[in-house]
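Protein sequences appear in the order of chains A and B. Quick note on my numbering: the first sequence kicks off at 1 and runs consecutively. Quick note on my numbering: the second sequence kicks off at 206 and runs consecutively. First comes the structure, then the notes that go with it.
2 protein chains.
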Amino acid sequence: MEQKGLLIVISGFSGAGKGTLVKELVDRYGYSLSISCTTREPRPGEVDGVDYHFKTKEEFERLIDYNGFIEYAQYVENYYGTPRKFVEEEMAAGHNVILEIEVQGAINIKKQYPDAVTMFITAPSAEILKSRLYGRGSEDEATIDKRMKRAITEADSMPVYEYIVVNDDLDECVDQVQSIIIAEGSKSKYKESFINEIKDELSNM
Amino acid sequence: MEQKGLLIVISGFSGAGKGTLVKELVDRYGYSLSISCTTREPRPGEVDGVDYHFKTKEEFERLIDYNGFIEYAQYVENYYGTPRKFVEEEMAAGHNVILEIEVQGAINIKKQYPDAVTMFITAPSAEILKSRLYGRGSEDEATIDKRMKRAITEADSMPVYEYIVVNDDLDECVDQVQSIIIAEGSKSKYKESFINEIKDELSNM
């Protein structure tokens, strides 16, 4: 019997490089990327089904009623949610699913999926985090300030994650996350059928 | 503050390739190898301090009295034990320590060191295990038969280990174990001082 896929939950500070990391994991290893649903307006350049599944408020609320999300939340007046169907079908097919999500969502998912692999991505230091946010050049000082303030709150939740990955060099960071995924897939809790097979085989020799 | 080293406990079927695996891990990554003490006679070619620390019964029993072993056992009339001093000093110095040990010893160590990383090495199948034992050419049929019988008992303890590593190809097996070691070292429980540092830094910006 094929092993079920892992649910890999990635959070981290804004500016830690989660987006690039996730893209590399999908490109290099073919992991399935869960795409969130949202009711907010697409920003210029965002593509439906790539960046988000864009939904109307009515569509989103119908999905809530049908238990269509493994977690969802409302920020300001917009909904954001993780579609259940994609995640569960991919895992059942033996594919590892990657989910990039903020702290509260990660905590909710871990409650429902205790085997979910949770990791928090951080820059090597707050100084480097700040300079990366400035380096993007896309945000004004007030926005960066807001992101740095949110990082203080997010840092309180770091111990809740099973793994902390320091993103200093992208390639090293990708390798480290890939090591975590390989290790998690080697856990004996997933090897029950292999263990039973080899036990039967040994007994019948 | 430097992170403490990991205690990596490796067990597995006779013929699964533990010895070669451990040698490669030490050679490639410089991990510290714990060498057992024994009161049995050295076999031809065995070197004191390399294969075992050979002790007299009196020396061994004095070490027991001084709490000098993290675990020990008596087989037939010989003692075998894991010296405490080496393991604890190496871990305190931030070095990962590898311990190759049979099932009961691994269980005893996990009780004392709950953070110990336990892995069980197996061949892909019982058939392959048997053919590897014959392939060694160093053992008669009765000995191989005894090893295969012991494998049946050992297989019952496989679920006690955190990780199961199938040794099909040596290089892949070494990589997989190395991934497990990297993942274990990334656990948030070891990152307390890093988390506190970045929290302080964020708050003081």
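For every residue, glycine included, the Cβ atom is placed at its ideal position computed from N, Cα and C. Note that the structure is a prediction, hence the values are computed from the model and not measured.
Proximal chain C residues relative to residue i, where beta-carbon distance stays under 7 Å
i      : result
M91(A) : Structure shown: chain C not included; protein chains present are A and B.
Proximity of residue i and residue j at Cβ, strictly below 8 Å
i       : j       : result
L33(A)  : I101(A) : no
V9(A)   : A116(A) : yes
V87(A)  : I70(A)  : yes
Y257(B) : E264(B) : no
T122(A) : V160(A) : no
A155(A) : I403(B) : yes
C37(A)  : G94(A)  : no
R84(A)  : G68(A)  : yes
I369(B) : M363(B) : yes
M224(A) : I180(A) : This structure cannot settle anything about residue 224(A), because the visible part of chain A is limited to 1 through 205.
E162(A) : K315(B) : no
T39(A)  : N78(A)  : yes
G390(B) : L212(B) : no
N96(A)  : Y190(A) : no
P44(A)  : F54(A)  : no
E24(A)  : L170(A) : yes
I269(B) : Y277(B) : yes
Q383(B) : Y271(B) : no
Neighbour flag for residue i against chain B, beta carbons, 8 Å
i       : result
V103(A) : no
Q176(A) : yes
A130(A) : The question names Ala, yet the displayed sequence has Lys at residue 130(A). Chain B contact via Cβ: present.
P114(A) : no
E24(A)  : no
L133(A) : no
K187(A) : yes
Closer than 7 Å at the beta carbon, the chain A residues around residue i
i       : result
K396(B) : I164
Chain-ordered chain B contacts of residue i [CB-CB under 7 Å]
i       : result
I182(A) : Q381 and S384
S125(A) : I403 and E406
Chain B contact residues for residue i, given Cβ-Cβ distances below 8 Å
i       : result
I109(A) : In chain order: nothing, as chain B lies at least about 17 Å away.
I195(A) : A360, M363, P364 and I369
Per-residue contacts from residue i into chain A (C-beta, under 8 Å)
i       : result
E377(B) : Those within 8 Å of E377(B) in chain A number zero; the least Cβ separation is about 10 Å.
Within-8 Å CB hit, residue i to chain A
i       : result
T327(B) : yes
K404(B) : yes
(request) Please determine if the segment 164-174 of chain A and the segment 328-348 of chain B are in contact, where contact requires at least 3 C-beta pairs separated by less than 8 Å. (result) no
(message) Beta carbons nearer than 7 Å to chain B: which residues of the segment 144-161 of chain A have them?
(response) M148, A151, I152, A155, M158, P159 and Y161
(message) With a threshold of 8 Å, are at least 3 pairs of Cβ atoms found where one atom belongs to the segment 351-360 of chain B and the other to the segment 207-226 of chain B?
(response) yes
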